[in-house]
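Just so you know, the sequences run in chain order A and X. Once you know that position 53 of the first sequence is 53 in the working numbering, the rest is easy, because the numbers rise by one and skip nothing. Once you know that position 29 of the second sequence is 29 in the working numbering, the rest is easy, because the numbers rise by one and skip nothing. Step one of this worksheet: look at the structure below.
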Amino acid sequence: MDILIAALQGGLASLASYLAAHVLLCLVPAFFIAGALSALVPQQAITRFLGPEAPKWVSYPAAAGAGSLLAVCSCTIQPLFAGIYKKGAGLGPAITFLFFAPAGNILALSYTGVALGADFAIARIVLALSFGIGIGMIMAMLFRRDEAGRQGDARAFVEDAKVPGRTLLFVATLVALLIAGTLKVDWLAAPLWQGTLAWPGAVDAQAALDRWVPADAATGAEGLSLQGVGLIALLGLIGAAAWRGLGQVDTAVSRLTWVTLALTVLTLAAAALGLRVTGDGLAVTLTGRTLAVPLLCAALLPQTRRFDAWDMQQWLWETWRFVKMIFPLLVVGVFLVGVIRIFIRPEWIQAVAGANTLLANLAGVVFGVFMYFPTLVEVPIARMFLSLGMHPGPLIAYLMADPELSLQSILITAAIIGKLKAWTYVGLVALFSTAAGLTYGAWVDGTSVWLLAAAVAGFVGLLVGTLQIIERRKAC
Amino acid sequence: MLIKILGTGCAKCNRLEQLTREVVAELGIAAEFAHIREMDRIMEYPIMTTPALVVDEVVKVAGRIPRKDEIAGWLRGG
């Protein structure tokens, strides 16, 4: 019975501190960005670079760009992947797109940055980009003869569409909001003004919270602050208002829509405020962040007038659609991670993946392939592993393999490009993920960058050489 | 008039069908609807992105949800 209560408490505590700490300043703007990309950027603006006539150095980066800009959910990935493959861009860019999309989209990257640290987010995007293009090129080379037989259909790519300047500015402002809310730099964190809110009960209230949600540095459990409780309450209010305010925004902008947006701005501003419990009440700190977040929100308002009302309604509707699709999965995922954490002993993780060895990296990859987690849930899981003592190298190997490979995505891929190609792809991803983990782990352990660059170049050269030899044998 | 909605059953695709049906009702046109969900048949059209609206075998829009007055224009033969 005790263990059951402990597990439940672990789950709730993990959920509470997750909602209070990670969601607001990173995921809320990220959802709005994802909505804007989906509603305001014409997809043809990017896919026209993928046509059969486009040179390689355009089509591969464009495929990666399409992955990070257009595809935030799997329902967009599947038709786009099939489209890119069947309409002529060919296997290579299609594979690049498939590989990069789950790891390189704005939601995954911003969430990784906040939960695990900016270095993991940067490692994730750099490794995913270079390996995505690498794997795409290897696949294109391996199956070159099949490729020649397929006729490209250039018609799908000619449609001319540009991204309007106002959309770029709008998305840039949203990205600035995301960065201002999450980036850990001095001038944003520097206190500008400090004051005290008299509230004698504050100490007792915080003590009660600490009892319910104990912080434990050893297992990475974060406590829950008074500010966090307020933010969770505000999130609940936003959810209640958004259900009709954003859910039905495509028929009309109602008063509830404005209530939802005002509450969102208020919540973001409150999250950017520094609050600390002292002897006589709450110490309030205004920082650069506290100013930057509301200012950027205010900068959005005049920009919305430059769009059609319909475009703005679409933007809010898409944003809410992403929230409804991804948020419940995240909540359940984070809760379960909290439950599981109670049962896992740090020694187990340290024994399997505590050091940057080949075996440890392979374990990370295998775990990533066989465990299927919904979009973004890989991040809290990675966070749990990290706090339990997993080495950063195997962690990156896991982060590379998990979103790219799951039984479901393997089946979809196989249906579109055939079994042989799909399994070759799986093998390559496993190989590359392991290499990525080993490289990043060695870098964290202090190996020099030049040595690592040489090792990676050698690895890729060996791979390409082997493939060439195999190809030539087949030709004879 | 034959109206085809191309889409794999995503939220946007259903929304496009709903909007188009509303426009057809408002204009009082006689139209037959088909919602194409199979990837292979969608790919027979020169589009890369769903949802797409096809009126009498001509692709009118792909990859976004059009405004109702845009749809009305296409259905009137514009």
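Idealized CB from N, CA, C, for every residue including glycine. Owing to the predicted nature of the structure, the values given are computational and were not obtained by experimental measurement.
Where DSSP assigns a beta bridge to residue i, which residues make up the other side?
i                 : result
Ile90 of chain X  : The structure shown does not extend to residue 90 of chain X, since chain X is modelled only from 1 to 78, so the question has no answer here.
Lys4 of chain X   : X:Ala34, X:Val54
Pro46 of chain X  : Partner(s): none; Pro46 of chain X has no beta bridge.
Leu282 of chain A : A:Leu197, A:Val277
Pro191 of chain A : A:Thr287
Val59 of chain X  : X:Val54
Looking at the C-beta of residue i, does it have a partner C-beta in chain A at a distance below 8 Å?
i                : result
Arg64 of chain X : yes
Arg67 of chain X : yes
Ala11 of chain X : yes
Thr20 of chain X : no
Ala1 of chain X  : Note that residue 1 of chain X is Met in the sequence shown here, rather than Ala. So, not an interface residue.
Residue i CB to nearest chain X CB: under 8 Å?
i                 : result
Trp310 of chain A : yes
Gln350 of chain A : no
Gly90 of chain A  : no
Leu80 of chain A  : yes
Lys56 of chain A  : no
Pro61 of chain A  : no
Gly245 of chain A : no
Gly83 of chain A  : yes
Arg321 of chain A : yes
Thr287 of chain A : no
Lys86 of chain A  : yes
Gln314 of chain A : yes
Pro42 of chain A  : yes
Excluding five sequence neighbours on each side, which residues of the same chain lie with their C-beta closer than 8 Å to the C-beta of residue i?
i                 : result
Thr267 of chain A : Leu24, Val28, Leu231, Leu234, Leu235, Ile238
Thr173 of chain A : Leu296, Ala299, Leu300, Gln303
Gly354 of chain A : Ala360, Gly389, Met390, His391
Leu8 of chain A   : Val339
Taking 7 Å as the cut-off, is the C-beta of residue i nearer than that to any heavy atom in the ligand ATP?
i                 : result
Ala128 of chain A : The ligand content of the structure shown is nil, which means the ligand ATP is not present either.
Could you check what DSSP says for residue i in three-state terms: helix, strand or coil?
i                 : result
Trp199 of chain A : coil
Val41 of chain A  : coil
Lys421 of chain A : helix
Gly446 of chain A : coil
Ile381 of chain A : helix
Ala252 of chain A : coil
Leu376 of chain A : coil
Ser110 of chain A : helix
Arg48 of chain A  : helix
Asn14 of chain X  : helix
Asn361 of chain A : helix
Ile3 of chain A   : helix
Ser406 of chain A : coil
Arg211 of chain A : helix
If we count the other Cβ atoms within 10 Å of its Cβ and call it buried at 16 or more, is residue i buried or exposed?
i                 : result
Ser433 of chain A : buried
Gln314 of chain A : buried
Leu192 of chain A : exposed
Lys4 of chain X   : buried
Ile326 of chain A : buried
Val171 of chain A : buried
Gly165 of chain A : exposed
Ile412 of chain A : buried
Ile470 of chain A : exposed
Glu44 of chain X  : exposed
Trp443 of chain A : buried
Thr466 of chain A : exposed
Ile5 of chain A   : exposed
Ile95 of chain A  : buried
Phe100 of chain A : buried
Asp250 of chain A : buried
Phe370 of chain A : exposed
Ile122 of chain A : exposed
Met384 of chain A : buried
Apart from the five residues on each side of it in sequence, which residues of its chain come closer than 7 Å, Cβ to Cβ, to residue i?
i                 : result
Asp56 of chain X  : Met1, Leu2
Phe367 of chain A : Tyr398
Ala180 of chain A : Leu188, Arg289, Ala292, Val293, Leu296
Ala31 of chain X  : Met1, Ile3, Val24
Val265 of chain A : Pro294, Cys297
Among residues of its own chain, excluding the 5 on either side of residue i, which ones have a beta-carbon nearer than 6 Å to its beta-carbon?
i                 : result
Thr357 of chain A : none
Ala62 of chain X  : Ile47, Thr49, Ala52
Going along chain C in order, which residues have a C-beta closer than 9 Å to the C-beta of residue i?
i                : result
Thr47 of chain A : Looking for chain C here will not work: the only protein chains present are A and X.
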